[in-house]
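Undergrad: For the sequence shown, position 142 matches number 169 in the working numbering, and the numbering has no gaps at all.
Have a look at the structure that comes next, please.
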Amino acid sequence: MKRKTKSISLPLKFPYFILPPVLTAIFPILSFYSKNISELSLKFLGKPLLYSIAATTVATLFASALIKNKNKASLIVFLLAFIFFSYGHLSQALNSKLFIQLPRGIVLGPDKILLPTTALLSIFLIIKTLRSKKTLAQIISFISVSLLIIVGYLTCTIIKNEYKKKGNSSTTTISLQNKTSVSQETMPDIYYIILDGYARQDILKSIYHYDNSWFVNSLRKMGFYVADAARPNYIHTYISLPSTLNMRYLDDLPQKYGINPVSNIAARQLIYDNEVTRKLRTYGYTIINFASTWEGTNESYQADVTYKSDEYFKVLGRNIALDETTIVFLQTTLLSPFIKEVWFDAIRARTLATLQKLPTVPLLKGKKFTIAHIIPPHPPYVFTAEGNPAPGTELEFSRESTDKYIDQLIFISNQILPVLQKIIKNSPNPPIIILQSDHGPSSLFGRSNEWSKNYSEEGIKERSSILYAVYLPDKNYRQFYDSITPVNSFRIVFNKYFEEDFPLLPDKTFYTDFEKLYEFKDITSIK
Ligand SMILES: [Zn+2]
């Protein structure tokens, strides 16, 4: 019997020419993930990688069949993929530099100039590639090898940091015994409403030259206690909310994870699963969350009921739901001119939906603890004072955008008052309402990359001044005082309505910047 001894050849030769386009699509996704590794889980990578690899492969094979030259097809799709994934970065970098001022106050922003320029440049490069007489094999190998090295390096970094992250995710839970003697009937519904970055009255007057006494007076008329010298315990949402909701300072975070943690997942975990919620759950409360567009208080928050309005991105007439991270990622691509609007729409939609739905919560049966984290007046500035959509171009606090901040602050102040009135009116038993900001604004510190340059005591005062208002069923505010900080809010509530005896903690305020989130500098004396 004759044996088949033919040389073994692979059925298909690896199509090396697809490497440049495919790797160009993989690189930005891994790079985005690596930069945001502290906030993201590996789950994020699946869909974007799958879609991009599929799209670039199909496009390259299709182009290759069309122009009957693999290398030229590869180079053209590589070019298009490169433009697609780098466009958003370029547009962001040129946001304040590239515009043309037309008569009647019309401004042509970066996209209106950048999009046609990019389109013309692409056409030019595609024609050049098509007309090229060279084999282009060398350039294809060069691009492939370079990209393989970069993608390989990124993959190693991600694996290394994922491994580190695992050790960072455990959090302390201080479980306290509940008093069982408290009568269930005396337990009121509790609302914790956060107006992100809402400044204290005196700061609005001195730095913004805006008098919001009409708002504060209305709150007082409704029966609220408003603290005139309130400060947050921490000046970033990431650590301010965990501290408030766990009724304690977070000294254990830098001790365990260092001042510049690879991941802030430990702080986030303290929001998702916090002491106040845990306690109220054992008292039989239903936990309700109005999902914000911010990851600490979005759908990830561990509530029994989550209200959320979906964001959709229209593609070829079809609505495609997008989560916040995908929106942020797509902003770095050629889709950025369209995506920004989706994000702004999302903030508008969620804010309006929350304002509309909040007054109906009292009508639900049973005891409820409701968290509503409302992004305005914090940027992006997506509302005018009258509540019309604003362009939302400013994404951060800055000296240049103080007018827009005040506009959005007027809008939310006007909207929240009737909501509070309705909550009180619709509640069969008077509720507890805590209306607070998590930190003040930072027009003096400026954008996040300018903080160290602009550091000043005035800046500290601005950022560490908050709106602090409380409504209690018996309107007896003996335990509250002007210089109160949120670490004590729920301690007082538990002592007063649940017969707990939490000692009040000293009111301290800590500074941290964006770089070293857990480097707490005591700024209590700067006020
Ligand atoms: Zn905030």
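We put the beta carbon where it would ideally sit given N, CA and C, even for glycine.
Computed from a prediction, not measured in an experiment: that's the story for all the values here.
Run through DSSP, which three-state label would Tyr69 get?
TA: Counting from one through the sequence shown, the residue named residue 69 turns up at place 42. Before going further, note that residue 69 is Leu rather than Tyr in the sequence given. Helix, per DSSP.
Undergrad: Near Glu484, what residues of its chain come up, given a Cβ to Cβ distance below 8 Å and the 5 sequence neighbours on each side ignored?
TA: The residue you call residue 484 lines up with position 457 of the sequence shown. Around Glu484: Ile553.
Undergrad: Taking the alpha-carbon positions, what's the Leu141 to Leu72 distance?
TA: Position 114 of the sequence shown, counted from the start, is the residue given in the question as residue 141. Position 45 of the sequence shown, counted from the start, is the residue given in the question as residue 72. If I take the Cα positions, the gap works out to 29 Å.
Undergrad: Listed by chain order, which residues have C-beta atoms less than 6 Å from any heavy atom of ligand 1?
TA: Asp223, Gly224, Thr264, His405, Asp465 and His466
Undergrad: Here's the rule I'm using: 16 or more other beta-carbon atoms within 10 Å means buried, otherwise exposed. How should Ser240 be labelled?
TA: Mapped onto the sequence shown, residue 240 falls at position 213. The residue is exposed, with fewer than 16 neighbouring Cβ atoms inside 10 Å.
Undergrad: What residue ranges within the segment 293–317 form continuous beta strand (DSSP E) runs of no fewer than 3 residues, ordered along the chain?
TA: Assignment of beta strand (DSSP E) within the segment 293–317, counting only whole runs of 3 or more residues, yields 313–317 in chain order.
Undergrad: In three-state terms, what does DSSP make of Lys395?
TA: Locating residue 395 in the sequence shown gives position 368, counting from the first residue. When DSSP states are grouped into helix, strand and coil, Lys395 belongs to the strand group.
Undergrad: Check whether the Cβ atoms of Asp216 and Lys452 lie closer than 8 Å to each other.
TA: Working through the sequence shown from its first residue, we reach residue 216 at position 189. Working through the sequence shown from its first residue, we reach residue 452 at position 425. No, they are not a contact pair.
Undergrad: Using only CA atoms, which one of Val243, Met249, Tyr261 and Leu181 lies nearest to Asp255?
TA: Position 228 of the sequence shown, counting from 1, holds the residue named residue 255. Measuring from the Cα of Asp255, the nearest candidate turns out to be Val243.
Undergrad: Out of curiosity, what's the CA-to-CA distance linking Tyr427 and Ser68?
TA: Counting from 1 along the sequence shown, the entry for residue 427 is found at position 400. Counting from 1 along the sequence shown, the entry for residue 68 is found at position 41. Sequence check: residue 427 is Glu here, not Tyr. Across the structure, Glu427 and Ser68 are spaced so that their CA atoms are roughly 35 Å apart.
Undergrad: Taking the DSSP output, what are the residues bridged to Pro416?
TA: Mapped onto the sequence shown, residue 416 falls at position 389. Per DSSP, Phe410.
Undergrad: Kindly indicate which residue of Leu50, Val369 and Ala417 has the alpha-carbon position closest to the one of Thr182.
TA: To locate residue 182, count along the sequence shown from 1; it is residue 155. It is Leu50.
Undergrad: Using beta-carbon positions only, say whether Val332 and Thr309 come within less than 8 Å of one another.
TA: Here the question's residue 332 lines up with position 305 in the sequence shown. Here the question's residue 309 lines up with position 282 in the sequence shown. It is not a contact, given that the beta carbons lie outside the stated cut-off.
Undergrad: Name the DSSP beta bridge partners of His116, please?
TA: By one-based count along the sequence shown, residue 116 stands at place 89. None; His116 has no bridge partner.
Undergrad: With DSSP as the reference, label Lys543 as helix, strand or coil.
TA: Here the question's residue 543 lines up with position 516 in the sequence shown. If DSSP states are grouped into helix, strand and coil, Lys543 belongs with coil.
Undergrad: Quick one: grab the DSSP three-state call for Lys548.
TA: Position 521 of the sequence shown, counted from the first residue, corresponds to residue 548. Residue state, collapsed to three classes: strand.
Undergrad: Taking Pro47 and Phe105 to be in contact with their CB atoms under 8 Å, please state how far apart those CB atoms are, rounded to whole angstroms.
TA: Here residue 47 corresponds to residue number 20 of the sequence shown, with the count starting at 1. Here residue 105 corresponds to residue number 78 of the sequence shown, with the count starting at 1. Right, the Cβ-Cβ distance comes to about 4 Å (below 8 Å), so this counts as a contact.
Undergrad: Among residues of its own chain, excluding the 5 on either side of Phe109, which ones have a beta-carbon nearer than 7 Å to its beta-carbon?
TA: Taking the sequence shown and counting its residues from 1, one reaches residue 109 at position 82. These residues qualify, in order along the chain: Thr51.
Undergrad: Hey, Tyr218 and Ile450: beta-carbon distance below 8 Å or not?
TA: As a first step, residue 218 is located in the sequence shown; it is residue number 191 there, counting from the start. As a first step, residue 450 is located in the sequence shown; it is residue number 423 there, counting from the start. It is a contact, given that the beta carbons lie within the stated cut-off.
Undergrad: Between the alpha carbons of Thr25 and Thr320, how many angstroms are there, rounded?
TA: The requested residue 25 does not occur in the structure, where the chain is confined to residues 28 to 554.
Undergrad: Give the list of continuous alpha helix (DSSP H) stretches no shorter than 4 residues that lie fully inside the segment 436–522.
TA: 478–481 and 484–490
Undergrad: May I ask you to verify whether the segment 230–237 touches the segment 258–265, counting CB pairs closer than 8 Å and requiring at least 3?
TA: no
Undergrad: Along the chain, where does the beta strand (DSSP E) containing Val332 start, and where does it finish?
TA: Translated into positions along the sequence shown, residue 332 becomes position 305. First-last of the beta strand (DSSP E) with Val332: Val332 to Tyr334.
Undergrad: I'd like to confirm the pairing. Which residues does DSSP put opposite Ile221 in its beta bridges?
TA: Against the sequence shown, residue 221 aligns to sequence position 194. Partner(s): His400 and Gln463.
Undergrad: From the DSSP output, in three-state form, read off Tyr261 for me.
TA: As a position in the sequence shown, residue 261 is number 234, starting the count at 1. Here Tyr261 sits in strand by DSSP.
Undergrad: Is the distance from the Cβ of Ile103 to the Cβ of Ala90 below 8 Å?
TA: What you label residue 103 is simply residue 76 of the sequence shown in a count that begins at 1. What you label residue 90 is simply residue 63 of the sequence shown in a count that begins at 1. Taking 8 Å as the Cβ cut-off, Ile103 and Ala90 qualify as a contacting pair.
Undergrad: Could you spell out where the alpha helix (DSSP H) holding Gln282 opens and where it closes?
TA: Translated into positions along the sequence shown, residue 282 becomes position 255. Here the alpha helix (DSSP H) through Gln282 covers Asp279 to Tyr284.
Undergrad: How do the segment 398–413 and the segment 429–442 stand: do at least 3 beta-carbon pairs fall below 8 Å, yes or no?
TA: yes
Undergrad: Does the distance from the CB of Ser479 to the CB of Asp540 come in under 8 Å?
TA: Here residue 479 corresponds to residue number 452 of the sequence shown, with the count starting at 1. Here residue 540 corresponds to residue number 513 of the sequence shown, with the count starting at 1. Going by C-beta atoms, Ser479 is nearer than 8 Å to Asp540.
Undergrad: Is Phe111 helix, strand or coil by DSSP?
TA: As a position in the sequence shown, residue 111 is number 84, starting the count at 1. In this structure, Phe111 counts as helix in the three-state DSSP scheme.
Undergrad: Three-state secondary structure (DSSP) at Ile45?
TA: Position 18 of the sequence shown, counted from the start, is the residue given in the question as residue 45. Residue state, collapsed to three classes: helix.
Undergrad: Put Ile553 into one of helix, strand or coil per three-state DSSP.
TA: Residue numbering aside, residue 553 sits at position 526 when the sequence shown is read from its first letter. Coil, per DSSP.
Undergrad: Verify whether the separation of the beta carbon atoms of Gly555 and Ile354 is less than 8 Å.
TA: With the chain represented from 28 up to 554, any question about residue 555 goes unanswered, as that position is not in the structure.
Undergrad: Taking the alpha carbon of Ile366 as the point to measure from, which residue in Leu76, Asp138 and Ala82 has its own alpha carbon closest?
TA: Counted from its first residue, the sequence shown places residue 366 at position 339. Nearest C-alpha to Ile366: Asp138.
Undergrad: May I ask you to report which of helix, strand or coil DSSP gives Tyr524?
TA: Mapped onto the sequence shown, residue 524 falls at position 497. Note: Tyr524 maps to helix in three-state DSSP.
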